[in-house]
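A.B. asks:
In the numbering used here, the protein residues as written are 847 to 939.
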């Protein structure tokens with residue numbers, strides 16, 4: 847299970863009871879790194895989004911960081927979650 851003990855305690859505090867097997871499985875997936883970026887999100891916030899070498903900051907596509915006068919590095923992170931949140935039955939396909 848990817849849920850931490852503190853997350854389980856928090857969720858069960860809201861529910862006022864222990865989670866059942868279905869709830870545990872569903873929330874385990876939703877709180878996974880693949881779906882929520884709970885481990886990488888705080889680290890990504892440490893990167894600069896503006897500055898002399900930032901050609902294109904964060905947005906819908908990859909950001910661009912200038913590494914020489916001729917080259918820039920494209921930095922992106924793929925997510926399949928957003929469409930699922932908007933259209934849960936169609937999913938992220």
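Glycine included, C-beta positions come from ideal geometry on N, C-alpha and C. This structure is a prediction, so every number in the text was calculated from the model and none was measured.
Alpha carbon to alpha carbon, how far is residue 900 from residue 878? Give it in angstroms, no decimals.
C.D. replies: What you label residue 878 is simply residue 32 of the chain shown in a count that begins at 1. What you label residue 900 is simply residue 54 of the chain shown in a count that begins at 1. Each residue's Cα considered, the two are about 30 Å apart.
A.B. asks: Can you tell me which residues form a DSSP beta bridge with residue 900?
C.D. replies: Residue mapping note: residue 900 aligns to position 54 of the chain shown, counting from 1. Per DSSP, 911.
A.B. asks: Could you compute how far the alpha carbon of residue 853 sits from the alpha carbon of residue 884?
C.D. replies: Residue mapping note: residue 853 aligns to position 7 of the chain shown, counting from 1. Residue mapping note: residue 884 aligns to position 38 of the chain shown, counting from 1. Near 12 Å, if we compare the C-alpha coordinates of residue 884 and residue 853.
A.B. asks: Going along the chain, which residues of its own chain have a beta-carbon closer than 6 Å to the beta-carbon of residue 919, five neighbours each way excluded?
C.D. replies: As a working mapping, residue 919 is identified with position 73 in the chain shown. 911 and 913, listed in sequence order.
A.B. asks: Return yes when the Cβ of residue 896 is within less than 8 Å of the Cβ of residue 903, no when it is not.
C.D. replies: Walking along the chain shown from the start, residue 903 turns up at place 57. Walking along the chain shown from the start, residue 896 turns up at place 50. Yes; because the gap between Cβ atoms is below 8 Å, this pair is in contact.
A.B. asks: Under the three-state reduction of DSSP, which class applies to residue 868: helix, strand or coil?
C.D. replies: Your numbering for residue 868 matches position 22 in the chain shown. If DSSP states are grouped into helix, strand and coil, residue 868 belongs with the helices.
A.B. asks: Please identify the residue among 922, 887, 898 and 848 whose C-alpha is closest to the C-alpha of residue 915.
C.D. replies: Within the chain shown, residue 915 is the residue found at index 69, counting from 1. Cα-wise, what sits closest to residue 915 is 898.
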